[in-house]
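One structure is given here, and the rest of the page talks about it.
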Amino acid sequence: MTPREKIILTGDRPTGPLHIGHYVGSLRRRVELQDSGAYDRIFVFEADAQALTDNADNPERVRQNVIEVALDYLSVGLDPQKSTLFVQSQIPELAELTFYFMNMVSVARLQRNPTVKTEIQMRGFSGESIPVGFFTYPISQAADITLFRATTVPVGEDQEPMLEQCREIVRRFNNIYGETLVEPDILLPDNAACMRLPGTDGKAKMSKSLGNCIYLKDTADEVERKVKSMFTDPDHLRVSDPGRVEGNTVFTYLDAFCRPEHFGRYLPEYPDLDELKAHYRRGGLGDMKVKRFLAAILQETLEPIRQRRAELQKDIPAVLDTLRRGTEAAREVGARTMDDVRRAMHLDYFTDASFAAEQAARFA
Ligand code: TRP
762 MTPREKIILT
772 GDRPTGPLHI
782 GHYVGSLRRR
792 VELQDSGAYD
802 RIFVFEADAQ
812 ALTDNADNPE
822 RVRQNVIEVA
832 LDYLSVGLDP
842 QKSTLFVQSQ
852 IPELAELTFY
862 FMNMVSVARL
872 QRNPTVKTEI
882 QMRGFSGESI
892 PVGFFTYPIS
902 QAADITLFRA
912 TTVPVGEDQE
922 PMLEQCREIV
932 RRFNNIYGET
942 LVEPDILLPD
952 NAACMRLPGT
962 DGKAKMSKSL
972 GNCIYLKDTA
982 DEVERKVKSM
992 FTDPDHLRVS
1002 DPGRVEGNTV
1012 FTYLDAFCRP
1022 EHFGRYLPEY
1032 PDLDELKAHY
1042 RRGGLGDMKV
1052 KRFLAAILQE
1062 TLEPIRQRRA
1072 ELQKDIPAVL
1082 DTLRRGTEAA
1092 REVGARTMDD
1102 VRRAMHLDYF
1112 TDASFAAEQA
1122 ARFA
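Take a look at the structure:
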């Protein structure tokens, strides 16, 4: 047998512009994977249909963020020549595959999915008021992954239960219908600080509604202002006080963004992050100095992204066209998988040449 193609698939719900948490948690890695040349094919998509599962009364929010997220993708360096960028809702085969997968998952199994559990709580759905589409989105997510025969799914740890459920569905399907679909592997972020970047206020997660995000599209002034007001160690009142580094958002961001060469450029009096942390712990290092360092690093990282975005924004129809072409290419791949699925399921009455004869014999 020829070795299986290595195929990456991942995506985001287009519910708002992407922030630096997305950048360190997934986007940066995607670009590295894309440029590594180690994969035969890369799909990155906007899960607009999935976004509708919990934005049923605000569909315009999703529509308004499709180009926004495409701009984020392209400006961080996803290259449509190397990665197929597409929009979920425009691939009807996904709905078809989801429909068949629905028969392979019990309500009890969905209720056990820890991510669905917390999301139900977070959104305040009670009892049986959960929209069916929202409750079953892990099933449609399994279709997202398998329709493109993805072998590798780079996502955050919160998506682990989705991948586990996807693998179960694939095993069940292949058991019933014969080896047809591919079991994907999850690829988690490699740096602990990147697993989930806290908000600038120190809260566990960056979220639009909490107003604690630094967006990739923020201006240099906005970034400066947000870093200056960041949460640090509330007990570190005077510069001379010993400070805490754990749970100190500024240091968490440094863990995620700082590279050795940044010291030479912006803070040459320290050799590395360990020394900077040690000084902060001892006392004698002020928050402002650390924040200025972080701000310099963030600006260096974000400036090229902002510049590319400004260029791309000049020609929005071209951005839309990139999505359209990617979606067409993805649809071709999906249609081929769906042909295999229908054949495996024997839902091929009009294309299976032996079906008519077989049925004729039955009725003879
Ligand atoms: N659920 C993912 C998120 O909220 C988005 C997503 C949808 C996805 N389908 C996917 C990610 C398939 C990876 C693979 O971030």
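The sequence shown lines up with residues 762 to 1125 when you count with this note's numbering.
C-beta: ideal position from N, C-alpha, C; glycine also.
Keep in mind it's a predicted model, so treat the numbers as computed, not measured.
Identify every run of the alpha helix (DSSP H) within the stretch 975-1028, keeping only runs that are complete inside it and at least 4 residues long; order them along the chain.
981-989, 1010-1018 and 1021-1027
Can you grab the Cα-Cα spacing for the pair Pro-1032 / Ser-1001, in whole Å?
Against the sequence shown, residue 1032 aligns to sequence position 271. Against the sequence shown, residue 1001 aligns to sequence position 240. Near 21 Å, if we compare the C-alpha coordinates of Ser-1001 and Pro-1032.
Are the Cβ atoms of Gly-972 and Lys-966 separated by less than 8 Å?
Taking the sequence shown and counting its residues from 1, one reaches residue 972 at position 211. Taking the sequence shown and counting its residues from 1, one reaches residue 966 at position 205. Against a cut-off of 8 Å, the Cβ pair of Lys-966 and Gly-972 comes out as no contact.
Got a sec: does ligand 1 put a non-hydrogen atom nearer than 7 Å to the Cβ of Arg-986?
Translated into positions along the sequence shown, residue 986 becomes position 225. Incorrect: Arg-986 has no Cβ contact closer than 7 Å to ligand 1.
How about Ala-810 and Gln-849: are their beta carbons less than 8 Å apart?
In the sequence shown, the residue the question calls residue 810 occupies position 49. In the sequence shown, the residue the question calls residue 849 occupies position 88. Yes. Within cutoff.
Inspect the beta-carbon positions of Thr-859 and Ala-904 and report whether they are closer than 8 Å.
Along the sequence shown, read from residue 1 onward, the residue named residue 859 stands at position 98. Along the sequence shown, read from residue 1 onward, the residue named residue 904 stands at position 143. Yes, Cβ-Cβ distance for Thr-859 and Ala-904 is below 8 Å.
Considering only DSSP beta bridges, list what His-780 is partnered with.
Against the sequence shown, residue 780 aligns to sequence position 19. Answer is Tyr-976, bridged to His-780.
List the DSSP bridge partners of Leu-846.
One-based indexing of the sequence shown puts residue 846 at position 85. Answer is Val-805.
Rounded to the nearest angstrom, how far is the Cβ of Gly-1008 from that of Gly-1044, given a contact under 8 Å?
For the purposes of this step, residue 1008 is taken as residue 247 along the sequence shown, with counting starting at 1. For the purposes of this step, residue 1044 is taken as residue 283 along the sequence shown, with counting starting at 1. Not really, about 17 Å apart at Cβ, beyond 8 Å.
For Gly-1095, three-class secondary structure by DSSP
By 1-based counting over the sequence shown, the position of residue 1095 is 334. Residue state, collapsed to three classes: helix.
With a CB to CB cut of under 7 Å and the five nearest residues on each side skipped, what residues in its chain are close to Leu-1034?
Locating residue 1034 in the sequence shown gives position 273, counting from the first residue. For Leu-1034, where only same-chain residues beyond five positions count, the Cβ hits under 7 Å are Leu-1015 and Cys-1019.
According to DSSP, Ile-769 sits in a beta bridge with which residue or residues?
Mapped onto the sequence shown, residue 769 falls at position 8. Ile-769 is bridged to Ile-803 and Thr-913.
Environment of Ser-836 [buried if 16+ CB atoms lie within 10 Å]:
In the sequence shown, the residue the question calls residue 836 occupies position 75. By the neighbour-count rule (16 or more Cβ atoms within 10 Å), Ser-836 is buried.
Cβ neighbour criterion (16 or more within 10 Å) applied to Ile-937:
Within the sequence shown, residue 937 is the residue found at index 176, counting from 1. Exposed, since its Cβ has fewer than 16 Cβ neighbours within 10 Å.
Between the beta-carbon of Pro-922 and the beta-carbon of Leu-948, is there less than 8 Å?
As a first step, residue 922 must be located in the sequence shown, where it is residue number 161. As a first step, residue 948 must be located in the sequence shown, where it is residue number 187. No, these two residues do not count as a Cβ contact at 8 Å.
Given the structure, does Ala-1017 come close to ligand 1, in the sense that its CB is under 7 Å from one of the ligand's heavy atoms?
Start at 1 with the first residue of the sequence shown, and residue 1017 comes out as number 256. Answer for Ala-1017: no, Cβ out of range of ligand 1.
Report the option in Thr-1010, Asp-996 and His-997 whose CA atom is closest to the CA atom of Lys-987.
The residue given as residue 987 occupies position 226 in the sequence shown. Comparing Cα-Cα distances from Lys-987 to each of Thr-1010, Asp-996 and His-997, the minimum goes to Thr-1010.
Restricting to runs no shorter than 3 residues, where is the beta strand (DSSP E) found entirely within the stretch 896-969?
913-915 and 946-948
Is it true that the stretch 824-831 meets the stretch 790-797, where meeting means three or more beta-carbon pairs spaced less than 8 Å apart?
no
State the DSSP-derived secondary structure class of Pro-841, mapped to helix, strand or coil.
Taking the sequence shown and counting its residues from 1, one reaches residue 841 at position 80. DSSP places Pro-841 in coil when its eight states are reduced to three.
Give the DSSP-derived three-state secondary structure of Asp-1076 in the structure shown.
For this step, residue 1076 is matched to residue 315 along the sequence shown. Of the three classes helix, strand and coil, the one that applies to Asp-1076 here is coil, per DSSP.
Can you tell me the Cβ-Cβ gap for Leu-846 and Leu-1084, rounded? I've got them flagged as a contact below 8 Å.
Walking along the sequence shown from the start, residue 846 turns up at place 85. Walking along the sequence shown from the start, residue 1084 turns up at place 323. Confirmed, about 6 Å.
Lining residues of ligand 1 - beta-carbon closer than 7 Å to any non-hydrogen atom, in sequence order:
Leu-770, Thr-771, Gly-772, Asp-773, Arg-774, Ala-808, Gln-811, Gln-902, Asp-905, Ile-906, Val-914, Val-916, Gln-920 and Met-923
Taking Cβ to Cβ, would you say Asp-773 is nearer than 8 Å to Ala-808?
In the sequence shown, the residue the question calls residue 773 occupies position 12. In the sequence shown, the residue the question calls residue 808 occupies position 47. Their beta carbons are under 8 Å apart, which means Asp-773 touches Ala-808 by this criterion.
Can you tell me which of the three DSSP states Ala-1114 falls into?
Stepping through the sequence shown from its first residue, residue 1114 is reached at position 353. Ala-1114 falls in the helix class under three-state DSSP.
Quick check: the Cα distance between Glu-929 and Val-943, rounded to an integer number of angstroms?
The residue labelled residue 929 in the question sits at position 168 within the sequence shown. The residue labelled residue 943 in the question sits at position 182 within the sequence shown. Their Cα atoms are separated by approximately 11 Å.
Okay, do the stretch 968-982 and the stretch 778-787 touch, 3+ Cβ pairs below 8 Å being the bar?
yes
Nearest-angstrom Cα distance between Val-931 and Asp-1076?
Reading the sequence shown from its first residue, position 170 is the one you call residue 931. Reading the sequence shown from its first residue, position 315 is the one you call residue 1076. Approximately 41 Å between the Cα atoms of the pair.
I need the straight-line Cα distance from Met-1099 to Leu-908, nearest angstrom please.
Locating residue 1099 in the sequence shown gives position 338, where the first residue counts as 1. Locating residue 908 in the sequence shown gives position 147, where the first residue counts as 1. For Met-1099 and Leu-908, the distance between alpha carbons rounds to 7 Å.
Note down the Cα distance separating Lys-1050 from Thr-1062, rounded to an integer number of angstroms.
Here residue 1050 is taken as the residue at index 289 of the sequence shown, counted from 1. Here residue 1062 is taken as the residue at index 301 of the sequence shown, counted from 1. Their backbone Cα atoms lie some 19 Å apart in a straight line.
Alpha carbons only, please: which of Ala-1071, Pro-1021, Thr-1013 and Val-1006 is nearest the one belonging to Ala-1039?
Sequence index remark: in the sequence shown, residue 1039 carries index 278 (1-based). It is Val-1006.
Could you round the C-beta distance between Gln-1068 and Val-984 to whole angstroms and report it? I think they count as a contact, below 8 Å.
For the purposes of this step, residue 1068 is identified with residue 307 of the sequence shown, where counting begins at 1. For the purposes of this step, residue 984 is identified with residue 223 of the sequence shown, where counting begins at 1. Actually they are not in contact, since the Cβ atoms of Gln-1068 and Val-984 sit about 14 Å apart, beyond 8 Å.
By the 10 Å Cβ neighbour count, where 16 or more other Cβ atoms means buried, how is Leu-1108 classified, buried or exposed?
Within the sequence shown, numbered from 1, the residue matching residue 1108 stands at position 347. By the neighbour-count rule (16 or more Cβ atoms within 10 Å), Leu-1108 is not buried but exposed.
Do Phe-1054 and Leu-1028 come within 8 Å of each other at the CB atom, strictly closer than that value?
Here the question's residue 1028 lines up with position 267 in the sequence shown. Here the question's residue 1054 lines up with position 293 in the sequence shown. In contact: Leu-1028 and Phe-1054 (Cβ atoms closer than 8 Å).
Quick one, are the C-beta atoms of Gly-917 and Gly-786 less than 8 Å apart?
As a position in the sequence shown, residue 917 is number 156, starting the count at 1. As a position in the sequence shown, residue 786 is number 25, starting the count at 1. Contact: yes.
Please report the straight-line C-alpha distance between Asn-935 and Ala-869, rounded to a whole angstrom.
On the sequence shown, residue 935 is found 174 positions in, with the first residue counted as 1. On the sequence shown, residue 869 is found 108 positions in, with the first residue counted as 1. In a straight line, the C-alpha of Asn-935 is about 22 Å away from that of Ala-869.
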